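A.B. asks: One structure coming up, written as structure tokens, with questions to follow.
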Amino acid sequence: MIDRRKFLALTAAGGGAVFLSGLYRQAGATASTDDDFYFVQLSDSHWGFSGPPNPDAANTLQKAVASVNALEVPPDFIVFTGDLTHTTDDPKERRRRMAEFKEIIAGINIKTIHFMPGEHDASLDNGAAFKEYFGATHYTFDHKGVHFIVLDNVSDPGARIGDEQLSWLKNDLDQQKPDARIVLFTHRPLFDLVPKWDWATRDGDKAIALLMPYSNVTVFYGHIHQEHHHQTGHINHHAAQSLIFPLPAPGSQEKRTPLPWNPAAPYQGIGFREVEAKKVEPQYQIVEFPVTKV
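Following our numbering, the numbering of the sequence shown begins with 4 at its first residue and continues without gaps.
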């Protein structure tokens, strides 16, 4: 169980704001499955990227690893929500970047790490290289009373989940109770955030429709390189910051060009998040953390 005082100390150290999500863990369940826990979400490391706007791109992922290892209370697990590597047309280079990414991530002092692809990892080869290095692109797991679903909306270059995977999702959800505690991880937003920026999933509405009958659902995603919170009905969607560079606010300009590096505040807009599940409180607590600068 996470000590509340330690969690508040982490919040103060990280300098991040606490966001309370609508997903909750019900009281009264058995302690063996419903102990308090938290996980860390990292996203969009784009290993292999170089050039503006991040002059320290060759070291940012390593600094993120050090920042996670410095957390006072180790998380139960870590999830990377896509774009582990930066896109390349060269299959050999793609695999080299994935191998280097795995080598760097091996330095994290947490045994359980879940991976999912972003379009930079998977759209050019339908996820073939990703599967070689990280396994399945969509899967489920359960942890202390919460059902986690990893959904792939990037391996299809048309930004679709696809009928086959939607059928798989339906079959999985059919096994859950209406009040089951469900967390879904994906890379792109399932809703139409800014379609002209590729910030959407063409058949994401079908996935949302499948999730709507369930009363306790939260979605965590990446792709847009910034903290963002949205609701479709009772379902909360939370985008994470990236580990390489921030992007502009949704629809705030014509193109989604990266925000410039600020030498006076290096790593501004770059970070990761904690998500804490409390068995007796009616919400998840989400805390944003910056990547350590040294």
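Every residue gets a Cβ at the ideal spot worked out from N, C-alpha and C, and that includes glycine. These numbers come from a predicted model, not from an experiment.
#1: Whose C-beta lies closer than 7 Å to the C-beta of residue 50 among residues of the same chain, with five residues either side of it excluded?
#2: Using the Cα positions of residue 154 and residue 237, report the straight-line distance between them to the nearest angstrom.
#3: Would you tell me roughly how many angstroms separate the C-alpha atoms of residue 129 and residue 160, rounded to the nearest one?
#4: Let me know the beta strand (DSSP E) ranges lying completely inside the segment 222-276, each 3 residues or longer, listed in chain order.
#5: Can you name the start and end residues of the alpha helix (DSSP H) that residue 153 belongs to?
#6: If you drop the 5 nearest sequence neighbours on each side, which residues of the same chain put their C-beta closer than 8 Å to that of residue 252?
#7: Does the segment 194-204 touch the segment 57-73, meaning 3 or more C-beta pairs lie closer than 8 Å?
#8: Alpha carbon to alpha carbon, how far is residue 85 from residue 109? Give it in angstroms, no decimals.
#9: Express the C-alpha separation of residue 267 and residue 143 in angstroms, rounding to a whole number.
#10: Pop quiz: residue 240 and residue 224 are said to be a contact at Cβ under 8 Å. What is the actual Cβ separation, rounded to whole angstroms?
#11: Figure out for me which residue from 209, 235, 259, 227 has the closest Cα to the Cα of residue 221.
#12: Assign residue 292 to one of three DSSP states: helix, strand, or coil.
#13: On the DSSP bridge assignment, give the partners of residue 44 in chain order.
#14: On a CA-only basis, which of 68, 69, 215 is nearest residue 180? Give me that one, please.
#15: Kindly indicate which three-state DSSP category residue 127 falls into: helix, strand or coil?
#16: Using C-beta distances below 6 Å, list every residue in its chain close to residue 197, excluding the 5 sequence neighbours before and after it, in chain order.
#17: When DSSP labels each residue in this structure, what does residue 99 get in the three-state scheme?
#18: Is it true that the CB of residue 40 sits closer than 7 Å to the CB of residue 147?
#19: If you reduce the DSSP assignment to three classes, tell me which class residue 281 lands in.
#20: Considering only the alpha carbon of each residue, which of 98, 132, 171, 277 lies closest to residue 70?
C.D. replies: This is what the structure gives:
#1: Mapped onto the sequence shown, residue 50 falls at position 47. Within the same chain, Cβ atoms closer than 7 Å to the Cβ of residue 50 are found at 64, 87, 88, 89, 100, 103, 104, the five residues on either side in sequence being excluded.
#2: As a working mapping, residue 154 is identified with position 151 in the sequence shown. As a working mapping, residue 237 is identified with position 234 in the sequence shown. When the Cα atoms are used, residue 154 and residue 237 turn out to be separated by approximately 19 Å.
#3: Along the sequence shown, read from residue 1 onward, the residue named residue 129 stands at position 126. Along the sequence shown, read from residue 1 onward, the residue named residue 160 stands at position 157. Cα-Cα distance, rounded: 7 Å.
#4: Counting whole runs of 3 or more residues, the segment 222-276 contains the beta strand (DSSP E) stretches 231-235, 238-242.
#5: Along the sequence shown, read from residue 1 onward, the residue named residue 153 stands at position 150. It is not in any alpha helix (DSSP H) - residue 153 instead sits in the beta strand (DSSP E) that spans 149-153.
#6: The count along the sequence shown starts at 1 and reaches residue 252 at position 249. Here residue 252 has 229 as same chain residues with Cβ atoms under 8 Å from its own Cβ, once five neighbours each way along the sequence are excluded.
#7: The segment 57-73, when compared against the segment 194-204, does not touch it at the 8 Å Cβ threshold.
#8: Residue numbering aside, residue 109 sits at position 106 when the sequence shown is read from its first letter. Residue numbering aside, residue 85 sits at position 82 when the sequence shown is read from its first letter. Taking the straight line joining both Cα atoms gives about 17 Å.
#9: As a position in the sequence shown, residue 143 is number 140, starting the count at 1. As a position in the sequence shown, residue 267 is number 264, starting the count at 1. Cα-Cα distance, rounded: 42 Å.
#10: Position 237 of the sequence shown, counting from 1, holds the residue named residue 240. Position 221 of the sequence shown, counting from 1, holds the residue named residue 224. Residue 240 to residue 224, Cβ: 7 Å. Contact.
#11: By one-based count along the sequence shown, residue 221 stands at place 218. Measuring from the Cα of residue 221, the nearest candidate turns out to be 235.
#12: By 1-based counting over the sequence shown, the position of residue 292 is 289. When DSSP states are grouped into helix, strand and coil, residue 292 belongs to the strand group.
#13: Start at 1 with the first residue of the sequence shown, and residue 44 comes out as number 41. Beta-bridge pairing links residue 44 to 82, 276.
#14: Here residue 180 refers to the residue found at position 177 when the sequence shown is read from its first residue. Comparing Cα positions, the closest option is 215.
#15: Counting from 1 along the sequence shown, the entry for residue 127 is found at position 124. Assigned with DSSP and collapsed to three states, residue 127 falls in coil, not helix or strand.
#16: Residue 197 sits at position 194 when you count from the first residue of the sequence shown. Taken in chain order, the residues that qualify are 253, 254.
#17: Position 96 of the sequence shown, counted from the start, is the residue given in the question as residue 99. DSSP places residue 99 in helix when its eight states are reduced to three.
#18: For the purposes of this step, residue 147 is taken as the residue at position 144 of the sequence shown. For the purposes of this step, residue 40 is taken as the residue at position 37 of the sequence shown. Contact: yes.
#19: Residue mapping note: residue 281 aligns to position 278 of the sequence shown, counting from 1. Judged by DSSP in its simplified three-state form, residue 281 adopts coil rather than helix or strand.
#20: Here residue 70 corresponds to residue number 67 of the sequence shown, with the count starting at 1. Nearest neighbour of residue 70 by Cα position, chosen from 98, 132, 171, 277, turns out to be 277.
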